[in-house]
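Quick note, the sequences are listed as chains E and X, same order.
For the record, in the first sequence the residue sitting at position 213 is 213 according to the numbering used here, with numbers rising by one throughout.
Counting from 1 along the second sequence, just add 253 to a position and that's the residue number in the numbering used here.
Positions of the beta carbon are idealized from the N, C-alpha and C atoms, including for glycine.
Computed from a prediction, not measured in an experiment: that's the story for all the values here.
One structure is given here, and the rest of the page talks about it.
2 protein chains.
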Amino acid sequence: MTGKFVGVGVGPGDPELITVKAVKTLKTADVISIPKAHADKPSLALATVKHILEERERPPEVLELVFPMTKDAEGLKKSWSRNARIIAEKAKADKIIAFITLGDPMFYSTFIYLCQRMQEEYPEVNLEIIPGVTSLTACAAVSKIPLAEKNEVVAIIPSGIDSNRIGEIAKHANSLVLMKGSKRLKELVPILEKSGFTKNSTIALVRRCTMPEEKVMIGKLGDVENWDIHEDYFSISMIKENELQNNKKEDKV
Amino acid sequence: MTGKFVGVGVGPGDPELITVKAVKTLKTADVISIPKAHADKPSLALATVKHILEERERPPEVLELVFPMTKDAEGLKKSWSRNARIIAEKAKADKIIAFITLGDPMFYSTFIYLCQRMQEEYPEVNLEIIPGVTSLTACAAVSKIPLAEKNEVVAIIPSGIDSNRIGEIAKHANSLVLMKGSKRLKELVPILEKSGFTKNSTIALVRRCTMPEEKVMIGKLGDVENWDIHEDYFSISMIKENELQNNKKEDKV
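Shown next, in the form of structure tokens:
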């Protein structure tokens, strides 16, 4: 079987933050598949690679894989099983199917569900994963604040974690990254201040990191209560125990 | 001033896992600078981008920035201050200086020292940072095990952290990533087993991830005591609370 299923990380949003390996795959894949939860929302991952696909002489098949936005584990599994069958049939017909995902395929991505179905139900299909730049380090790059250095411990916290658990984690970490959930930031400040962070701890909140609508806010944890925070699905916050080392950066807020 | 200082992440080691943006910068930069701690060791970051530099019509200046391998903070700071002055002078002469780093510039990188000196001492010099694919997600990609999904908390732990603190962190995380320090793995297993992980928890140990000498070991935490672990500076371990979901992967060990 020459067909394969390839999970492709396309990076955080800037079309130039995609890897050379991902570009090569997107130029040659027979099928580009994207997850589709909302029929009316355009795919940001697809927008990021649009120029690559448009340059192709022979356009690929674009395959939208519909899945329900539900927490019902069984329903979700069935839905991804159906999608896995579609992929497996194409791979067995010697097609190369690239599933594109913003950031990295193995980091809080929809790809993981499909990947697990493929591994369990179609282990005979070749599987390849191309890692991508995550919003994690892209956020550090645009805010020009290190994510971690020397012996610093980093904790990555998704938005669904309850505040007490975040407080416990904060006690043991030097850098915290909150994935999404920027609307909870103000409520979290007092909890973090009881867990080893202070009013002077550095915080960077980045909305739509490396995308055209990017917005970067940098300051001290004590400033957050005065920030005008617009909730956005694509937001990430990085909080560092220490104060900012150069005052210049604080001017940005 | 048209000159600038650019921190360039070149990815985890596979020359194709570099971003398009990084390639563009390396094709046009006047100076490629690399950190040099050991005069006799070749730079892996430089090896990763060698083909890009060789394709250039006009070869760049390659600038080795020597720094001591010391824990003396003052000595290190002075040494990086000297390097920052060299960079600043070139940038003020309208040169573009790209400092290359394996992985990502803001994630446990030597670049951070230099970046901080530049921000404090030469804030007038334009600074740009190009994020890269880290060994973190590259390790998940090659082992085909998700780094994090849904509401999983990830803790990233550098090798210098003491075992008790690792135990405390483990209590609150679903995925642990140990940066380097693979020789400590066997000693850590009983500590992790007291912190919510079990003998059946999944572990992937990857040496030289995505490099030609890559070695991937996947199994259960309880298997680690029987593993033949070769210490390597470029090693990373990913430990997930849960058992592997598909038995197939365990065959790899």
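Query raised in the report: Does the distance from the CB of residue 170 of chain E to the CB of residue 197 of chain E come in under 9 angstroms?
Result: For this step, residue 170 of chain E is matched to residue 170 along the first sequence. For this step, residue 197 of chain E is matched to residue 197 along the first sequence. Against a cut-off of 9 angstroms, the Cβ pair of residue 197 of chain E and residue 170 of chain E comes out as a contact.
Query raised in the report: If you count every other CB in all the chains shown that lies within 10 Å of the CB of residue 88 of chain E, and 16 or more means buried, which is it?
Result: Taking the first residue of the first sequence as position 1, residue 88 of chain E is located at position 88. Residue 88 of chain E is buried by the Cβ-count criterion.
**Report entry** Sequence-distant residues of the same chain with beta carbon closer than 6 angstroms to residue 6 of chain E, five excluded per side
**Finding:** Sequence index remark: in the first sequence, residue 6 of chain E carries index 6 (1-based). Closer than 6 angstroms at the Cβ level, and outside the excluded window around residue 6 of chain E, lie 25, 98 and 128.
Query raised in the report: For residue 217 of chain X, which option in X:398, X:434 and X:493 has the closest C-alpha, if you only look at C-alpha atoms?
Result: An answer regarding residue 217 of chain X cannot be provided, because it is not within the stretch 254 to 506 covered by chain X.
Query raised in the report: Under the three-state reduction of DSSP, which class applies to residue 331 of chain X: helix, strand or coil?
Result: Along the second sequence, one-based indexing puts residue 331 of chain X at 78. DSSP places residue 331 of chain X in helix when its eight states are reduced to three.
Query raised in the report: So which of X:448, X:475, X:256 and X:457 has the shortest CA-CA distance to residue 389 of chain X?
Result: Counted from its first residue, the second sequence places residue 389 of chain X at position 136. Cα-wise, what sits closest to residue 389 of chain X is X:457.
Query raised in the report: Based on the DSSP secondary-structure assignment, which residues constitute the bridge partners of residue 317 of chain X?
Result: Residue numbering aside, residue 317 of chain X sits at position 64 when the second sequence is read from its first letter. Beta-bridge pairing links residue 317 of chain X to X:287.
Query raised in the report: In whole angstroms, what separates the C-alpha of residue 448 of chain X from that of residue 314 of chain X?
Result: If you number the second sequence from 1, residue 448 of chain X lands on position 195. If you number the second sequence from 1, residue 314 of chain X lands on position 61. It is roughly 51 angstroms from the alpha-carbon of residue 448 of chain X to the alpha-carbon of residue 314 of chain X.
**Report entry** residue 374 of chain X versus residue 337 of chain X - alpha carbon distance
**Finding:** Position 121 of the second sequence, counting from 1, holds the residue named residue 374 of chain X. Position 84 of the second sequence, counting from 1, holds the residue named residue 337 of chain X. When rounded, the distance between both Cα atoms is 8 angstroms.
Report task. Check the DSSP bridge columns for residue 460 of chain X and list the partner residues they point to. Result -> One-based indexing of the second sequence puts residue 460 of chain X at position 207. BP columns for residue 460 of chain X point to X:468 and X:488.
Query raised in the report: Is the CB-CB distance between residue 184 of chain E and residue 159 of chain E below 9 angstroms?
Result: Along the first sequence, one-based indexing puts residue 184 of chain E at 184. Along the first sequence, one-based indexing puts residue 159 of chain E at 159. With respect to the 9 angstroms criterion, residue 184 of chain E and residue 159 of chain E are classified as neighbours on the basis of their beta carbons.
Query raised in the report: Would DSSP call residue 9 of chain E helix, strand or coil?
Result: The residue you call residue 9 of chain E lines up with position 9 of the first sequence. Residue state, collapsed to three classes: strand.
Query raised in the report: Considering only residues of the same chain and omitting the five flanking positions on each side of residue 130 of chain E, which have a CB-CB separation below 8 angstroms?
Result: Within the first sequence, numbered from 1, the residue matching residue 130 of chain E stands at position 130. Closer than 8 angstroms at Cβ, skipping near neighbours: 6, 7, 8, 9, 19, 21, 22, 25 and 105.
Query raised in the report: Any idea what DSSP makes of residue 340 of chain X, helix, strand or coil?
Result: Here residue 340 of chain X refers to the residue found at position 87 when the second sequence is read from its first residue. Three-state DSSP puts residue 340 of chain X in a helix.
Query raised in the report: In chain X, which residues lie with their C-beta within 9 angstroms of the C-beta of residue 180 of chain E?
Result: Residue mapping note: residue 180 of chain E aligns to position 180 of the first sequence, counting from 1. By Cβ distance, chain X contributes nothing, its closest Cβ being about 11 angstroms from residue 180 of chain E, past 9 angstroms.
Query raised in the report: Going by other Cβ atoms of all chains shown within 10 Å of its Cβ, with 16 needed for buried, is residue 75 of chain E buried or exposed?
Result: Indexing the first sequence from 1 puts residue 75 of chain E at position 75. Residue 75 of chain E comes out exposed.
**Report entry** 7 angstroms Cβ cut-off: residues of chain X touching residue 20 of chain E
**Finding:** Within the first sequence, the letter at position 20 stands for residue 20 of chain E. Per Cβ cutoff of 7 angstroms: 269, 271, 273 and 276.
Requested in this report: Ignore the nearest five residues each way along the sequence and tell me which others in residue 146 of chain E's own chain have a CB closer than 7 angstroms to its CB.
Outcome: In the first sequence, the residue the question calls residue 146 of chain E occupies position 146. Here the set comprises 140.
**Report entry** Counted within 10 angstroms of its Cβ, other Cβ atoms place residue 405 of chain X as buried (16 or more) or exposed
**Finding:** As a position in the second sequence, residue 405 of chain X is number 152, starting the count at 1. When all chains shown are included, residue 405 of chain X counts as buried.
Requested in this report: Just the chain E side, please: which residues come within less than 8 angstroms of residue 467 of chain X by C-beta, in chain order?
Outcome: The residue given as residue 467 of chain X occupies position 214 in the second sequence. What residue 467 of chain X touches in chain E: nothing, since even the nearest Cβ is about 13 angstroms away.
Query raised in the report: Of all the beta strand (DSSP E) runs that stay within the bounds of the stretch 92-139 of chain E, which reach a length of 3 or more residues?
Result: 96-101 and 126-130
Query raised in the report: Thinking C-beta only, is residue 391 of chain X closer than 9 angstroms to residue 266 of chain X?
Result: The residue given as residue 266 of chain X occupies position 13 in the second sequence. The residue given as residue 391 of chain X occupies position 138 in the second sequence. Taking 9 angstroms as the Cβ cut-off, residue 266 of chain X and residue 391 of chain X qualify as a contacting pair.
Requested in this report: Please report the residue range of the alpha helix (DSSP H) in which residue 53 of chain E lies.
Outcome: Walking along the first sequence from the start, residue 53 of chain E turns up at place 53. Looking at the DSSP string, the run of the alpha helix (DSSP H) that includes residue 53 of chain E is 44-54.
**Report entry** Local conformation of residue 273 of chain X per DSSP, three classes
**Finding:** Along the second sequence, read from residue 1 onward, the residue named residue 273 of chain X stands at position 20. Here residue 273 of chain X sits in helix by DSSP.
Query raised in the report: At least one CB of chain E closer than 9 angstroms to the CB of residue 442 of chain X: is that the case?
Result: As a first step, residue 442 of chain X is located in the second sequence; it is residue number 189 there, counting from the start. With 9 angstroms as the cut-off, residue 442 of chain X does not count as an interface residue toward chain E.
Query raised in the report: With a CB to CB cut of under 8 angstroms and the five nearest residues on each side skipped, what residues in its chain are close to residue 474 of chain X?
Result: Within the second sequence, the letter at position 221 stands for residue 474 of chain X. Excluding residues within five positions, the ones whose Cβ falls inside 8 angstroms are 442, 445, 446, 450, 451, 452, 453, 454, 455, 456 and 492.
Query raised in the report: Does DSSP classify residue 426 of chain X as helix, strand or coil?
Result: In the second sequence, counting from the first residue as 1, residue 426 of chain X sits at position 173. Residue 426 of chain X falls in the coil class under three-state DSSP.
Requested in this report: Could you check if residue 2 of chain E is buried or exposed, using at least 16 other CB atoms within 10 Å of its CB as the buried criterion?
Outcome: Translated into the one-based positions of the first sequence, residue 2 of chain E becomes position 2. By the neighbour-count rule (16 or more Cβ atoms within 10 Å), residue 2 of chain E is not buried but exposed.
Query raised in the report: Any C-beta of chain E sitting closer than 9 angstroms to the C-beta of residue 395 of chain X?
Result: Translated into positions along the second sequence, residue 395 of chain X becomes position 142. Against chain E, the CB of residue 395 of chain X has a partner CB under 9 angstroms away; the residue lies at that interface.
Query - residue 410 of chain X versus residue 173 of chain E - alpha carbon distance - result: Indexing the second sequence from 1 puts residue 410 of chain X at position 157. Indexing the first sequence from 1 puts residue 173 of chain E at position 173. Taking the straight line joining both Cα atoms gives about 9 angstroms.
Query raised in the report: By the 10 Å Cβ neighbour count, where 16 or more other Cβ atoms means buried, how is residue 490 of chain X classified, buried or exposed?
Result: Stepping through the second sequence from its first residue, residue 490 of chain X is reached at position 237. By the 10 Å Cβ count, residue 490 of chain X comes out buried.
Query - Per DSSP, cross-strand counterpart(s) of residue 178 of chain E - result: On the first sequence, position 178 is the one that residue 178 of chain E refers to. E:157 and E:237, per the DSSP bridge assignment.
Report task. Taking only the alpha-carbon atoms, compute the straight-line gap between residue 250 of chain E and residue 217 of chain E and give it to the nearest angstrom. Result -> Counting from 1 along the first sequence, the entry for residue 250 of chain E is found at position 250. Counting from 1 along the first sequence, the entry for residue 217 of chain E is found at position 217. Low confidence applies here, because residue 250 of chain E scores a pLDDT of 41, under 50, leaving its location unreliable and the question unanswered by this model.
**Report entry** Three-state class that DSSP yields for residue 41 of chain E in the structure shown
**Finding:** What you label residue 41 of chain E is simply residue 41 of the first sequence in a count that begins at 1. If DSSP states are grouped into helix, strand and coil, residue 41 of chain E belongs with coil.
Requested in this report: Out of E:180, E:225, E:223 and E:187, state which residue places its alpha-carbon closest to the alpha-carbon of residue 206 of chain E.
Outcome: Locating residue 206 of chain E in the first sequence gives position 206, where the first residue counts as 1. Closest by alpha carbon: E:180.
Query raised in the report: Rounded to the nearest angstrom, how far is the Cβ of residue 370 of chain X from that of residue 334 of chain X, given a contact under 8 angstroms?
Result: Counting from one through the second sequence, the residue named residue 370 of chain X turns up at place 117. Counting from one through the second sequence, the residue named residue 334 of chain X turns up at place 81. At roughly 5 angstroms, the Cβ-Cβ gap stays under 8 angstroms, so residue 370 of chain X and residue 334 of chain X are in contact.
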